[in-house]
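Asker: Here you go, one structure.
Residue numbers (this note's numbering): 894 to 1157.
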């Protein structure tokens, strides 16, 4: 498996008593085995996502660097953008706000497609990467689908979680808005979410990204983001007359800032 991805066993720690010959080394990443699992299941599933949280071991000159990683692989017709959406959804759920997708320049990742890859940064630190498997790797397998892998440092991820600020509980009920918009693929989900939170001001209660869609119903190069937005007042029960101007303002700002359109 190591050689399949163009890697060298000399970079790995060898086990004295391995369970099997093909599992004779400690893993220095999780993506090889996850990619292999996705590929092996390609004949049985049109779409597949597999994740793992585990330790990896980097061989040093006189020591071993042990760390924890979060990793997953996606098997799909457009697996790169599907995987990127999963990362955005994860960070949204964990309340990680200061993250970015940057240009990936890592010669160690020769098994990754150079034009379908990105570095993941959290609080300015290199947290991991996301990328589609290189065509040369995929040519060794008899499948036509694409496979994308992602690996993120677990501890950097934990440190990136922002505290949720305390807000006095309101005795008035919340009102839920369901909003689905279509935006260009390159626009980070975080930017959309931040704008929505900003425009709801004191009425903001919570926001949940519950669906990311790419497919026949929207143009290539675009994505649909669907949100549950909860609004609540500290002073009264909100009515339709209160909510409608807020919703219209959000849509207007999204259109102006990101050329986003309401999905019909």
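Beta carbons are placed, not taken as given, at the ideal position from N, Cα and C, and that holds for glycine.
Please read these numbers as outputs of a predicted model, since none were measured by experiment.
Hey, is the segment 1079 to 1097 in contact with the segment 1025 to 1039, meaning 3+ C-beta pairs nearer than 8 Å?
Answerer: These segments do not touch.
Asker: Going by C-alpha to C-alpha distance, which of 997, 1059, 973 and 1005 sits closest to residue 925?
Answerer: It is 1005 whose Cα lies nearest to the Cα of residue 925.
Asker: Which residues in the same chain have their Cβ closer than 8 Å to the Cβ of residue 1065, if we skip the five residues on either side of it in sequence?
Answerer: Closer than 8 Å at Cβ, skipping near neighbours: 1125, 1126, 1127, 1128, 1129, 1130 and 1131.
Asker: Give a yes or no on whether the C-beta atoms belonging to residue 1114 and residue 1150 are separated by under 7 Å.
Answerer: In this structure, residue 1150 does not lie closer than 7 Å to residue 1114 by Cβ.
Asker: Please list, in chain order, all residues of the same chain as residue 1020 whose beta carbon is under 7 Å from its beta carbon, the five residues on each side excluded.
Answerer: The answer, listed in chain order, is 1013, 1014, 1045, 1046, 1049 and 1050.
Asker: Within the same chain, show all residues whose beta-carbon is closer than 7 Å to that of residue 987, passing over the 5 residues directly before and after it, in chain order.
Answerer: Correct list, in chain order: 1054.
Asker: From this set, 1010, 1067, 977 and 996, which residue's C-alpha is nearest residue 1082's C-alpha?
Answerer: The candidate whose alpha carbon is nearest that of residue 1082 is 977.
Asker: Taking contact to mean at least 3 C-beta pairs separated by less than 8 Å, is the segment 1103 to 1110 in contact with the segment 1137 to 1155?
Answerer: These segments do not touch.
Asker: Given a cut-off of 7 Å, decide if residue 1146 and residue 1088 are closer than it, judged by their beta-carbon atoms.
Answerer: Yes, the pair counts as a contact, with Cβ atoms nearer than the cut-off.
Asker: Going by the DSSP bridge assignment, what does residue 961 pair with across the sheet?
Answerer: Residue 961 pairs with 948.
Asker: Could you name the residues of the same chain whose beta carbon sits closer than 6 Å to that of residue 1076, not counting the 5 residues immediately before and after it, in chain order?
Answerer: Excluding sequence neighbours, residue 1076 sits near 1151 and 1153.
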